[in-house]
Amino acid sequence: MDDQVIQFAEQHYIAEQTARHIRIWGNQDQLPPCPNFKEIWSSIAPTLRQPYVERVRALASSATPTGAQAQYRDILKTLYEKCYAEMTQSVAEETWFVPLSQFEQSIGQLGTRVLSESYQSLDIQDDENSDDDRTVCSQDEDMDMADTSIPMEYDPRKYEDPKISTLETALKEGLLALNKLQQAFEGSDVRNADIDWKPQIERTLSISQTEKVIIGLNGSTGAGKSSLINAIVDEENIVATNCMRASTAVATELLYNDGESRYKAQIEFIELRDWEQELRILFEDLLDSHEDVIRGDLQKNSDAAVALDKIKAVYPLLEVKDILNTSVEALMEHSNVSDLLGSVHVFEQNDPKVFSRMVKSYIDSRGRRGRSEKGPEKGRDMKYWPLIRVVRIFLKAPALITGAVLVDLPGLHDTNAARVEVAKEYSKRCSAHWIITPINRAVDDKVARDLLGQSFIMQMQMDCSFNNITFVCTKTDHITVSEVQDSLKLRLPSMQEREQRDRKRAQLGAELKLLQEGKGRVMEELSLLDDEIEELESCLFNEESSLNLSQLTPIKRKRHSDLEMDVTANPNAEVPSTPILHVSATDTQPSADSEIDELLRKFRSLKSERKVLDTQRREIYQQIQINKAALKRVQAESDNMRADTLSECIEARNEYSKHEIKRDYANGIRDLDEEDQDTLAPSDRSKLARNYKKIEDELPVFTASARAYQKLRGRLRKESAVAGFTQLEQTEIPQLQRHCISLTERAREASAMRFLTQLKQLFQSISLWSLETGQAHIMSAEEIQELEAEFNSTMVELKETMVAEVEKHIDSLRHEFEKTIIRRFDPAVKHASEKIPGIISGWNAPRSEGGLHIQTYRATCRRRGMFRELDWNQQLVNPLLKRVIQGWTTMFNEKVPGHFFQLKGDLAEILEQYHRRAIALVERRSVTKESKDMLDKALSICCKSMGEQLGSLEQSMISKQKEINRMFAETIRTKLMPTYEECAEQKGPGTLARMRNLMTQEGARNSVNMLQTSARRVTKGLTSLLESTGADIEALIDTTVDQVSRDYRIAIIDPRVRKLSQQQIELKNKITNIIQTAETEVHLDQHLGLSNHQELSAEILKHEGVANIKEENMQA
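Just add 35 to wherever you are in the sequence shown, counting from 1, and you've got our numbering.
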């Protein structure tokens, strides 16, 4: 828990206990001194501190400035004195702390009067009262979230790799240096025939941006995705949450906001054609249940009910009968809809409350637009969500500052075709996939495989994305201790120990009750004695009495109510009961009336009796205090035991769930590999072995409680404290925030290194250009012609050699594709075609055997085989994928990276050979040693730059294959389109049977053709991928050779063919100074690992050794 919160909680404790002390002892003439409450606070158990932490949040005082501490203490003094002033003395004595509800009531009563001035000085604002009760269990939307949350005391970037921040700092310094260079060239009038460096500078500036890392959140309705996202971005309710229904109806991106405002949103609507297509499908769903729609007798989640809800959401003024009597064309003409389609709405806000409401009106399936100012006929209560393609929310969340983008997907099988395409696109672009599930599902057998599903697992395998999956178990605060203890066999405090404490508490309570009753009886007897003593006093000391009052002590007997206060102040003090009589023999005569003597004897007897009772009262009081202290101690021990038990159960279940998910995930991959063994040649089966233990250990799994995090952050004030959580780390939300940042590290490092490499290469080229400033010997025309010819010949040979090397690798990759993937297609098609009839039979089976309802069957056909969780196209192609998946993943996980690794080394070796020839040419032309050294460095940076760009092309190739591997299912969908349409058109009796027959006939007649067509299309896609990759590499070769040619020409030829003007020399000197200063400040060589040319040669030799080990990958 944050130290600042604890400090404020301590002030609450001291203020309350001081007010309580004053109320209990305030009737005394001298108030007993207060105990050292500050010292007592240090020994209080965490469970007893929690109420005061709640007070801190209730008062929204965590952001109080240091200079306002005095005012803050005054606020607490006023509040707690009011709370205890309303109690009687006995109630105050029995009260350990006032209930939170009473405390908040006191805030409300005094907020506008006593506290208003103090609140202003503390910069605390009162919350507005909520008037929005349209949804159940929704968070308090009217709460000013900026004022109620506790400032974040930790930095999510604290544990990130320090190398990343160093590289990013160097990148910023490099940008400044480039700007200086640009200004120097722009401010110069020197033109002549010199090189124009401005395009090179602008190109280098353009690659300084880091790519976003998209994190897709996948989970079923109710898994807690929206709540989890709110916690990760450290906001209370930016993404709408609701415990009674699904709140997020559209795909939602959350990105870091670099703008001036705190929040920004972009609402992108679907295109006109998409909504028209959607409307036609919705109308068909309505017509299927036409009679039920008219009667208003639709089942809640039926296709017709969903269709009607969508249409009424967008066209709220239409009644059911109007909808049934209209047409798609008429609906498309509504201007309030057509004006939205294809547009993008943007709005910004600084108030989180207002912004949250605005966003909710778009993404919440129950959210509404406000009434139009132009009247009720203009979009009254219109809802946006059926028309939205995607929502982007920009906010200043520390977890997103490094480039992570969280994507909350409503599902891959949305009924809206446009959003289905969005979800598919995200699945290809995602750099990481988070699987979100409530933790109560994570303790079942085979949890990882059940959560992912077969199709998802296969898609991840085809995408080479097994290493990009993270599991997040939510709602860890939902727990039953007894169930967890029994299931996990936890050695927690025994039931006997808990029962023993409960019996001890009950015993102390019973004893305390008896003592209170005994105290009451003694007080009652004392009261009766006081009455008798008073009566005797009136008889003994009246006007007719012969007793001399002056002989009495001036001490006046106190009433019982006063005596009780004295004993409360000093329990061991003896309480005087009656005035002490000093009667001398001379003052009373033996002949006095005997009645007076009797009264005096009775008076003394009552006095003695009262003294005994008073002693009993003191003893009872002391025992009551002892019992109260013991009861509080036992209660605190019980509370601590329950809290510790709960925390241990939560932690144990978390660890068990993590272990089960990790183990089952690794076993699932093992099972897939074993299934693939049958499709491989015996020589290839040994290559399948993976380190499954490593896969298990490295799978990221988090167990999070968004609710506990929000409570500990001072939010959700209307909810009770979440038991079992006292520190933010226990909620694992901070760990998830750090995980977000860690997922961006690789992209950020690659981006920074790419920029710094290009920067160094540019600096190196410009340095060569600016180096030759002297008036070198100008060669004769014949010598220049000879030098030019030799140089150009070398350049042509360099390019031809490098291109030939690239073509060799592309041919080798083509052979690998044929051998590893394409040759498997024919047997895979044969196998899959035999499985398709069985798959279709499963759809056609009776419902009792897992078959589909007629409405679901028809809806799936209308949506081209995809409806909700169903994807017939993928199901039909899965048997084929199972036969090619191992070769596919081997190709893109091993073969492609191996070839690119080899290509990098081979091209670097070719450049090294060219460099040797160029140096030999230089030595014959009397070029300075400085130029030679700079050419050495130019070679090093050129090889590094080329290697990084080849790495980018490798990643691009692996990324593009995701599009290709999806062609299997897309081709099946296209081939089945006529059958889907024919099935959807079936009407009347026997519709389901006819649809089933059509699908069965199509599967039997056309399955081989469908699968062969998909295989041919994928083959064509792979061939095209190879050709485009080869063209990209050759373009890189062209650029590299041009840069090499330019640098060597600058060093070797230019100084011998032309003279420099004084202005040119001055410009070069200026540029040299800028570059030297920049390289010193940025430490480019250190960041890039460039020391000298000899190290590069060593790397090339090392590469040649590795290449020999991987020689089998290059055999054609």
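We put the CB at the ideal spot given by N, CA and C, even for glycine. Since this is a predicted model, take the numbers as computed values, not measurements.
Quiz item: Distance, Cα to Cα, Glu89 vs Arg748?
Solution: One alpha carbon belongs to Glu89, the other to Arg748, and they sit about 11 Å apart.
Practice problem: Label Ile230 either buried or exposed according to how many other C-beta atoms from any shown protein chain fall within 10 Å of its C-beta, with 16 as the threshold for buried. | Solution: Per the 10 Å Cβ criterion, exposed.
Practice problem: Report buried or exposed for Phe43, applying the criterion of at least 16 other Cβ atoms within 10 angstroms of its Cβ. | Solution: buried
Exercise. Sort out for me which residues DSSP pairs Asp906 with in a bridge.
Key: Asp906 is bridged to Met901.
Quiz item: Bridge partners of His380, per DSSP?
Solution: Ile302
Quiz item: Roughly how many angstroms separate the alpha carbons of Asn1041 and Leu797, rounded to a whole number?
Solution: 59 Å
Quiz item: If you count every other CB in all the chains shown that lies within 10 Å of the CB of Tyr48, and 16 or more means buried, which is it?
Solution: buried
Quiz item: Over what stretch of residues does the alpha helix (DSSP H) that includes Leu791 continue unbroken?
Solution: Glu780 to Leu806
Self-check item: Span separating the alpha-carbon of His380 from that of Glu303
Solution: 7 Å
Self-check item: Residues that Pro473 bridges to, as DSSP identifies them
Solution: Thr509
Exercise. Rank Asp521, Glu1017 and Asp416 by C-alpha distance to the C-alpha of Arg1031 and give the top, closest one.
Key: Glu1017
Exercise. Go ahead and pull the three-state DSSP assignment for Lys865.
Key: DSSP places Lys865 in helix when its eight states are reduced to three.
Quiz item: Run through DSSP, which three-state label would Ala467 get?
Solution: strand
Quiz item: Quick one: what does DSSP say Arg424 is sitting in, helix, strand or coil?
Solution: If DSSP states are grouped into helix, strand and coil, Arg424 belongs with the strands.
Quiz item: Along the chain, where does the alpha helix (DSSP H) that runs through Gly986 open and close?
Solution: Lys964 to Asn1000
Exercise. Could you give the DSSP three-state label for Tyr1015: helix, strand or coil?
Key: helix
Quiz item: Would you say the region 921-930 touches the region 492-507, given that touching needs at least three Cβ pairs under 8 Å?
Solution: yes
Self-check item: Contacts around Val838, its chain only, beta-carbon distance under 8 Å, and the 5 residues preceding and following it disregarded
Solution: Glu1069 and Ile1072
Quiz item: Which residue from Tyr892, Tyr461 and Leu543 puts its Cα closest to that of Ile661?
Solution: Leu543
Self-check item: Three-state secondary structure assigned by DSSP to Leu83
Solution: helix
Quiz item: When DSSP labels each residue in this structure, what does Ala286 get in the three-state scheme?
Solution: strand
Self-check item: Nonlocal neighbours in the same chain, by C-beta distance under 8 Å from Phe790, ignoring five residues either side
Solution: Leu206, Gly209, Thr239, Ile242 and Ser243
Practice problem: Taking only the alpha-carbon atoms, compute the straight-line gap between Ser802 and Phe936 and give it to the nearest angstrom. | Solution: Looking at the two C-alpha atoms, the distance is approximately 30 Å.
Self-check item: Exposed unless 16 or more other CB atoms sit within 10 angstroms - verdict on Leu322
Solution: exposed
Quiz item: By a C-beta neighbour count over all protein chains shown, 10 Å radius and 16 as the cutoff for buried, is Arg58 buried or exposed?
Solution: buried
Quiz item: If we ignore side chains and look at the alpha-carbon of each, how far apart do Ser462 and Leu444 end up?
Solution: 10 Å
Self-check item: Euclidean distance between Cα positions of Met1012 and Ile316
Solution: 15 Å
Quiz item: Between the beta-carbon of Ala340 and the beta-carbon of Asp320, is there less than 7 Å?
Solution: No. Outside cutoff.
Exercise. Indicate the three-state DSSP secondary structure (helix, strand or coil) for Phe737 in the structure shown.
Key: strand
Quiz item: Can you give the beta carbon distance from His934 to His844, rounded, assuming they're within the 8 Å contact cut?
Solution: 5 Å
Quiz item: Looking only at DSSP bridge pairs, what is Leu441 linked to?
Solution: DSSP output for Leu441 lists Ile250 and Leu289 as bridge partner(s).
Exercise. Measure the CB-CB distance between Thr1107 and Ser800 and report whether it falls below 7 Å.
Key: Going by C-beta atoms, Thr1107 is not nearer than 7 Å to Ser800.
Exercise. Please go through the region 1072-1102 and give each complete alpha helix (DSSP H) segment of 4 or more residues, from N-terminal end onward.
Key: 1089-1092
Practice problem: Please name the residue in Asn1044, Val248 and Leu571 whose C-alpha comes closest to that of Glu784. | Solution: Val248
Quiz item: Whose C-alpha, out of Ala1004, Leu1125, Leu563 and Val425, is nearest the C-alpha of Gln910?
Solution: Ala1004
Quiz item: Taking the Cβ atom as the reference point for each residue, do Ser262 and Ala741 lie within a distance shorter than 7 Å?
Solution: yes
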